[in-house]
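Line by line, the protein sequences give chains A and B. Quick note: the first sequence, position 119, residue 119 per the working numbering, numbers continuous. Quick note: the second sequence, position 76, residue 266 per the working numbering, numbers continuous.
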Amino acid sequence: MVGDVTWKGTTFQIEGHGKYALVDVLHRNIWLTVYNETTAHVLKKIFVSKLTLVIYDLSSFQLYTEQLIDNSVCLDWQITLGVNFLDEDQMLTPTHTNQYNHQLINLAADTNLSKVRQQELQYQLILCNNILSRARGLSLEFKEDIANIFLTEIDNKVINDKLYELANRWMSKQFPAASDLLFYLNQFYE
Amino acid sequence: MNDLIYLSAKKLASCDLLLKDSNYEYSDWFCDTVYHGPDFVNSRVHQIRPPWPLAPTPFPLPALTTTNNFADVMDKIAERYCQDIVATDKIPYLYWSGGIDSTGILVSLLKNNNQNFLNRLVILLNQESINENAYFYYQFIQGKLQEQDCDSFEINADNYTTISLLDGDAGNQCMGSGAINQIAYTQQYELLDDPWSDSFLKRINFNNKTLLAIVNDSINAAPIPVNTGHDYLWWINFNFKFDDVLLNKCVSYFKNLTAAQSKYFFENNLFRFYQQADMQVWSLLTTDLRREKLKITPKYFPKQYIYEFDRNDLWFSNKIESKSGAYTAWTHSTTSPVFAIDSNWQTYRLDNATTRSELGKILKRK
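1. Under the three-state reduction of DSSP, which class applies to B/Val276: helix, strand or coil?
2. Pick helix, strand or coil for B/Gly515, following the three-state DSSP scheme.
3. Which bits of chain A does B/Tyr328 rub up against, with CB to CB less than 7 Å?
4. How many Å lie between A/Asp180 and B/Thr487 at the Cα?
5. What's the C-alpha gap between B/Gly515 and A/Tyr189?
6. Report yes if the CB atom of B/Phe307 is closer than 7 Å to the CB atom of B/Val276, and no otherwise.
7. Taking CB distances under 7 Å as the criterion, tell me whether B/Ala543 reaches chain A.
8. Using the beta-carbon of each residue, which ones in chain B are nearer than 7 Å to A/Leu26?
9. Could you name the residues of the segment 104-115 of chain A whose beta carbon sits closer than 8 Å to any beta carbon of chain B, in the order they occur along the chain?
10. Per DSSP, A/Phe175 forms a beta bridge with which residues?
11. Using a cut-off of 8 Å between C-beta atoms, extract the partners of B/Ile486 located in chain A.
12. Please go through the same chain and pick out, in chain order, the residues whose beta-carbon is closer than 8 Å to the beta-carbon of B/Lys399, but skip the five residues on each side of it.
13. Taking a contact to mean a Cβ-Cβ separation below 7 Å, would you say A/Thr80 touches A/Ile105 in this structure?
14. Along the chain, where does the alpha helix (DSSP H) that runs through A/Phe150 open and close?
15. Between which two residues does the alpha helix (DSSP H) containing B/Leu474 stretch?
16. Under a CB-based cut-off of 7 Å, is B/Asn321 close to chain A?
17. Taking the continuous alpha helix (DSSP H) assigned at B/Asp388, which residues delimit it?
18. Taking the DSSP output, what are the residues bridged to A/His96?
19. By Cβ distance below 6 Å, which residues in the same chain neighbour B/Ala261 in space, the five residues on each side in sequence not counted?
20. Would you mind telling me which residues of chain A sit closer than 9 Å to B/Asn316, beta carbon to beta carbon, in chain order?
21. Based on the DSSP secondary-structure assignment, which residues constitute the bridge partners of A/Val23?
22. Distance cutoff 7 Å, beta carbons only. Does B/Leu475 sit that close to anything in chain A?
23. If we ignore side chains and look at the alpha-carbon of each, how far apart do A/Asp223 and B/Leu475 end up?
24. Give me the residue from A/Gln124, A/Ile159, A/Ser133 and A/Tyr123 with the minimum Cα distance to A/Asn36.
25. So, are the CB atoms of B/Ala360 and B/Phe432 less than 7 Å apart?
26. With 9 Å as the C-beta to C-beta threshold (strictly closer), list the residues of the segment 48-64 of chain A near chain B in chain order.
27. CB-CB under 7 Å to B/Tyr214, same chain, minus the five flanking residues each way: which ones, in chain order?
28. So which of B/Gln338, B/Ser204 and B/Gln332 has the shortest CA-CA distance to B/Asn316?
29. Please list the partners that A/Leu121 has in chain B, where partner means a Cβ-to-Cβ separation under 8 Å.
30. According to DSSP, B/Val441 sits in a beta bridge with which residue or residues?
31. Got a sec: is the Cβ-Cβ distance from B/Ala324 to anything in chain A below 7 Å?
32. Where B/Thr545 and B/Leu437 are concerned, what is the direct C-alpha to C-alpha distance, given to the nearest angstrom?
33. Whose C-beta lies closer than 6 Å to the C-beta of B/Phe428 among residues of the same chain, with five residues either side of it excluded?
34. Below 8 Å, how does it come out for the segment 468-485 of chain B and the segment 365-379 of chain B: are there three or more Cβ pairs, yes or no?
35. For the alpha helix (DSSP H) that contains B/Ile370, what are its first and last residues?
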């Protein structure tokens, strides 16, 4: 872990590092790293309306160490131009390895989003990952409701409000998952 | 087999691999070229002479006039279409893939805010459409407009005179091209900015002599100068691919219709938003502007138009152009044995031995 992040009144821990990177197809930057390959693909699917992502196994890069690229700095890393992620075969590859000897470089992507907005989007990914991976006993239906909020909404406050509303709705039938969600939102006692 | 307005060279080449053999007389018409593949169907400014009997294009270039900004052009086309529809009893259907082109159309219809029209409008979509633009779906479609699963939608003898089908095909041809987007993605902007030349053609690996000559002839007949690498790639898409993109899905759209019914529907009830003369003129007169804005994001103009309506900055920044492959209509068109259409909307099928025999003679493969 690299510490806590406070976002719109919500405090949660950033997962420090993981070798599976969610890489932006258009801008090539790394949005998030996670430990679990399946988790990476689930997040890719949930965020499909907001980001076009490919999953990369960073351990296939010689340069990569877990200490070098964690989630507090990953937005400042990208994979070099040699990779044409727009190519259909590349986009459909389940998990990429560095078979073409591309480079990891320490350079922030040039995008149309401000740094603040990039961080907000990254927080959405982190929050979604934390909720789905750590809430105890999530039913499939509850998971789908949570995922749908992240799929659909673009504003962090709206996401926060809808998650709070959802958790309250599920408190009676999905305990302790719903209470875990309220704690993640720092709104259990509100 | 005469007066063909459409023939899928790609489909034929996938059946008969020798069509691409360099020793075959007509192989240039079937070989992949880097950026526009073998579905090189027709020129809209001059008559080309492929081995098959090709009719003049159904989509000649409109006369050059003046143009407005992109938003005004979209708004005006929507206004005209809505007025035309409400003056009839027709039910309008819009294919919405969730992508840039069809979302742009829907924005224009919503902005026009003709309640008579919107109450009748049916959005054809599926789960993939929703995933492609979920925010837009939940904000502006769900619960507000009528929806139908696009995979269950069919045009048939019962409805072909009473509906109007609207789609976003030819949007790519007006906005740019996949080839341009690929070059912009790799940030080789000098390829797009500099005048096109032999070295440009070499860098994009375009060395098919037959097609190169045809492109050169078309540039000489073009109503505007084709100067830069960007202009060259856009022109190929705009001049030569227009027919292909507007006709290939008709194979699927009209699968339940007779030739006469197909012709009627094509001429009266199929509305292609980006085929409209004012949109084409906008495209013809904004090549430099589009080349500049491409550096902000591919398809800048329609994305900006959508953003001004829905304020979804994430979609504006991160949405990439992708095939609307979700549609059954598209899948059916690519897998159907229909490979050609003539000017009377008679279709020609590869599962018909007599047709294959005739084709063999035309292509000198028999």
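Heads up, the beta-carbon is just placed ideally off N, CA and C, and yes, glycines get one too. As the structure is a computational prediction, the values presented were derived from the model and not from experiment.
Put simply:
1. helix
2. Only weak support exists for where B/Gly515 lies, its pLDDT of 49 falling under 50; the value from the coordinates is given anyway. Coil.
3. Thr152
4. 40 Å
5. Because the pLDDT of B/Gly515 is 49, which lies under 50, any placement of that residue in the model is unreliable, and the number read from its coordinates should be weighed accordingly. Cα to Cα, B/Gly515 sits roughly 47 Å from A/Tyr189.
6. yes
7. no
8. Here the neighbours are Asn508 and Ile510.
9. Thr111, Asn112 and Leu113
10. According to DSSP, A/Phe175 bridges with nothing at all.
11. The contacting residues are Asn112.
12. Asp218
13. Yes. Within cutoff.
14. Leu140 to Thr152
15. Ala467 to Leu475
16. yes
17. Asp388 to Arg393
18. A/Tyr56
19. Tyr495
20. Those within 9 Å of B/Asn316 in chain A number zero; the least Cβ separation is about 14 Å.
21. In the DSSP assignment, the residues bridged to A/Val23 are A/Ile30 and A/Val54.
22. No, B/Leu475 does not count as interfacial toward chain A.
23. Residue 223 of chain A is absent from the structure shown; chain A starts at 1 and stops at 190.
24. A/Ser133
25. yes
26. Per Cβ criterion, the list reads Val48, Ser49, Lys50, Leu51 and Thr52.
27. Residues of the same chain with a CB within less than 7 Å of the CB of B/Tyr214, apart from the 5 flanking positions on each side, are Leu208 in chain order.
28. The shortest C-alpha to C-alpha distance from B/Asn316 to any of B/Gln338, B/Ser204 and B/Gln332 is the one to B/Gln338.
29. For the C-beta of A/Leu121, the chain B residues within less than 8 Å are, from N- to C-terminus, Leu504.
30. DSSP output for B/Val441 lists no bridge partner at all.
31. It does; some Cβ of chain A falls within 7 Å.
32. 20 Å
33. Gln363
34. Counting Cβ pairs under 8 Å, three or more are found: they touch.
35. Gly368 to Tyr375
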